[in-house]
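K.L.:
I have a structure here, written as structure tokens, and I will follow up with some questions on it.
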Amino acid sequence: MKGYIFVYMMTVLGIFASPFMPFIGICVYVLFGVMSPNALWYYSLDETFLNTGIGFSEVVAYPLIIGWALNHFGNLNIGKAILPFSFLCMYTFWVFLSSMATGWTPMGQVQNLMNIRLLLAMLIALSLCDTTKRLRMFIWVIVFANGFVAFELNMSYLQGFNRLQQTGYAGMDNNFFAVSMVVGSVLAFFTGLAEKNVCMKGLAFLAALLQAHVIMFSMSRGGMLGLGLAFIFTFLVLPKSMTNLTIFVLAVVLGLSMFGETPRKRFFTAFANMEDLDGSAQTRLKSWTNCAIVMREKPVFGVGVTKWASYTQSRFGLFLEAHSTWFQAAVDSGIPALLFLLMFFFVSAIRMLPIIFHRIKVPDPELCHYARMVFVAVIAYGISAQFVSLYAMESVFYTITVGLIILKIIHLQNVEEREQERLRMLEMQERYGYSM
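Each residue of the sequence shown is one higher than the last, beginning at -10 in this note's numbering.
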């Protein structure tokens, strides 16, 4: 009942607020996209939308787009965010071209619609977030969504049913969702560092802890590896103040305390000798070898979007996924699609570095913490994604949207400062009667 009431209240809010305040609409849309309420409360919500999370999002999407248009499409002066966003646009377009060149399939159409839907949501969020206050609200929507899902999965686990490992979540298996939790835990941890309010800081750290525990009982080696890398890169970019180091050490201690015997044994099987690898690890290596072969044979458009598994059965006699986001992009849609996708992640991460190391003036110190968050999340995701095929994972792309919004806010500040300088010079001309 609680889920039923919450989801319908948010849906009504999104529908009626979007035409006048589209920022609220995009927040509700992102909340549903990350949380997937149909999967979370499958026992009380409409079964026709089970494990998709798309039903309520679509209901909010239409008034949101109308409100966005009525508000003149927000502020699209996004500065240096234009390059990484352009790479994502090119990736989406190339996947569409690949689908046309290799033949449409129902699943291919779904994948293209997911890509376009995600791209449009990112554009709307990017255009509507132009202040640190709005950015903070946007981040908290993602933190709350991930944290609440992690709370429910932890409750199920403590009651004796490891739902994530047994049934997955929202159409994702344990490996897929564990990578999402890696990104979510990074997001929550740095949000906690940035918060000044003690209660909000505590909630953010609690969300990070819950998500880290989900990764442990998911038994996903890719997720555990991603979390470990997140710890390493967090330490590298974290300002070395006593407070920050104390919080970091506590996080490491808690993380190690959750890394019990069962997840530890599971994790270290990834580093066994070839003959000692378990079945899933051997399958991955075999699948990656097949991907490399097909990438040489079909470098431009690949075998077709979502066609890889059936193609491997006819070509190699095995029905296998690529078990790698990067290989999957290349064999599905061609090497150009892979390059565009990699450049989107790479440029988004690299453009955070001048902010992290204070090479760029920022209007609010919180933005530095948020930039660190995006950088660490992208690195952890990029390596974890090598071990699982991820299709348009929304929380990851919305986290990168945070980085693009940071670039936009800094650009708008620079524009405002240049305008103030111009007005100051004009005032001096009028006052002293000479031209500059």
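Glycine included, every Cβ here is placed at the ideal spot set by N, Cα and C. A quick note: this is a predicted structure, and the numbers were derived from the prediction, not measured.
Grab the span of the alpha helix (DSSP H) containing N104 for me, first residue to last.
P.N.:
Counting along the chain, N104 sits inside the alpha helix (DSSP H) bounded by residues P95 to L117.
K.L.:
Where do the ends of the alpha helix (DSSP H) carrying W297 lie?
P.N.:
W297 to F305
K.L.:
Report the residue from I128, A374 and G323 whose alpha carbon sits nearest the alpha carbon of M79.
P.N.:
G323
K.L.:
F435 and P95 look like a contact to me (Cβ under 8 Å); what is the Cβ gap, rounded to whole Å?
P.N.:
The shown model of the chain, from -10 to 425, leaves out residue 435, and the question about it has no answer.
K.L.:
Based on Cα-Cα distance, which residue from T301, L327 and L124 lies nearest to V283?
P.N.:
Relative to V283, the option among T301, L327 and L124 whose CA is nearest is T301.
K.L.:
Apart from the five residues just before and just after A6, which ones in its own chain have a Cβ nearer than 7 Å to its Cβ?
P.N.:
I13 and G14
K.L.:
Tell me whether R340 is buried or exposed, calling it buried when 16 or more other Cβ atoms sit within 10 Å of its Cβ.
P.N.:
buried
K.L.:
Please classify M238 as buried or exposed, where buried requires at least 16 other C-beta atoms within 10 Å of its C-beta.
P.N.:
Per the sequence presented here, residue 238 reads as Val, with Met not at that position. By the 10 Å Cβ count, V238 comes out exposed.
K.L.:
Taking all protein chains shown into account, do 16 or more other C-beta atoms lie within 10 angstroms of the C-beta of T37, making it buried, or fewer, making it exposed?
P.N.:
At T37, the pLDDT of 45 sits below 50, so the modelled position is not reliable and the matter cannot be decided from this model.
K.L.:
Can you tell me which of the three DSSP states A360 falls into?
P.N.:
helix
K.L.:
Cα separation between L412 and P352?
P.N.:
20 Å
K.L.:
When the Cβ atoms of the stretch 83 to 94 are set against those of the stretch 136 to 143, are three or more pairs found closer than 8 Å?
P.N.:
No, the stretch 83 to 94 is not in contact with the stretch 136 to 143.
K.L.:
Please say whether F166 and L153 have beta carbons closer to each other than 8 Å?
P.N.:
yes
K.L.:
For M263, is the classification buried or exposed, using 16 other Cβ atoms within 10 angstroms of its Cβ as the cut-off for buried?
P.N.:
Any answer about M263 is weak, because its pLDDT of 48 lies below 50 and its placement is not dependable; what the coordinates show is given next. Burial call: exposed.
K.L.:
So does the stretch 392 to 402 actually touch the stretch 59 to 77, counting three or more Cβ pairs closer than 8 Å?
P.N.:
yes
K.L.:
Could you tell me the alpha carbon to alpha carbon distance between E410 and I344, rounded to whole angstroms?
P.N.:
E410 and I344 have their C-alpha atoms some 23 Å from each other.
K.L.:
Measure how close the beta-carbons of L379 and T314 come, nearest whole angstrom, since I'm counting them as under 8 Å.
P.N.:
5 Å
K.L.:
For my contact list, V377 and A338 are in at a C-beta cut-off of 8 Å; report their separation, rounded to the angstrom.
P.N.:
The pair is not a contact, with the Cβ atoms about 20 Å apart (cut-off 8 Å).
K.L.:
Does the stretch 202 to 217 come close enough to the stretch 154 to 163 that 3 or more CB-CB pairs lie under 8 Å?
P.N.:
The count of Cβ pairs closer than 8 Å, one atom from the stretch 154 to 163 and one from the stretch 202 to 217, reaches three, so the stretches are in contact.
K.L.:
Got a sec? Which residues, its chain only, sit under 8 Å from M10 by beta carbon, not counting five neighbours each side?
P.N.:
G56
K.L.:
Taking buried to mean at least 16 other C-beta atoms within 10 Å of its own C-beta, is L356 buried or exposed?
P.N.:
buried
K.L.:
Along the alpha helix (DSSP H) that carries G211, what are the first and last residues, could you check?
P.N.:
R210 to V226
K.L.:
Can you round the beta-carbon distance between L328 and A70 to whole angstroms, since I take them to be within the 8 Å contact cut?
P.N.:
The Cβ separation is near 20 Å, so there is no contact.
K.L.:
For W93, count neighbouring C-beta atoms within 10 Å of its own C-beta (all shown protein chains included) and say buried if the count is 16 or more, exposed if not.
P.N.:
exposed
K.L.:
Could you give the C-beta distance for F386 and M111, rounded to a whole number, given that I count them as a contact under 8 Å?
P.N.:
6 Å
K.L.:
Rounded to the nearest angstrom, what separates M(-2) and L102 at their Cα positions?
P.N.:
27 Å
K.L.:
When you compare the CB positions of F45 and F21, do they come within less than 8 Å of one another, or not?
P.N.:
yes
K.L.:
Tell me the DSSP bridge mates of M126?
P.N.:
M126 pairs with nothing; no bridge assigned.
K.L.:
Spatial neighbours of T91 within its chain, please: C-beta separation below 6 Å, excluding the five flanking residues on both sides.
P.N.:
F290 and G293
K.L.:
Determine whether the beta carbon atoms of S384 and G211 lie at a separation below 8 Å.
P.N.:
no
K.L.:
Could you check what DSSP says for M341 in three-state terms: helix, strand or coil?
P.N.:
coil
K.L.:
Based on the DSSP secondary-structure assignment, which residues constitute the bridge partners of M161?
P.N.:
Y158
K.L.:
On a CA-only basis, which of Y31, W277, A326 and L331 is nearest F305? Give me that one, please.
P.N.:
W277
K.L.:
Roughly how many whole angstroms lie between the Cα atoms of Y18 and E416?
P.N.:
Cα to Cα, the separation comes out at about 46 Å.
K.L.:
If we count the other Cβ atoms within 10 Å of its Cβ and call it buried at 16 or more, is L396 buried or exposed?
P.N.:
buried
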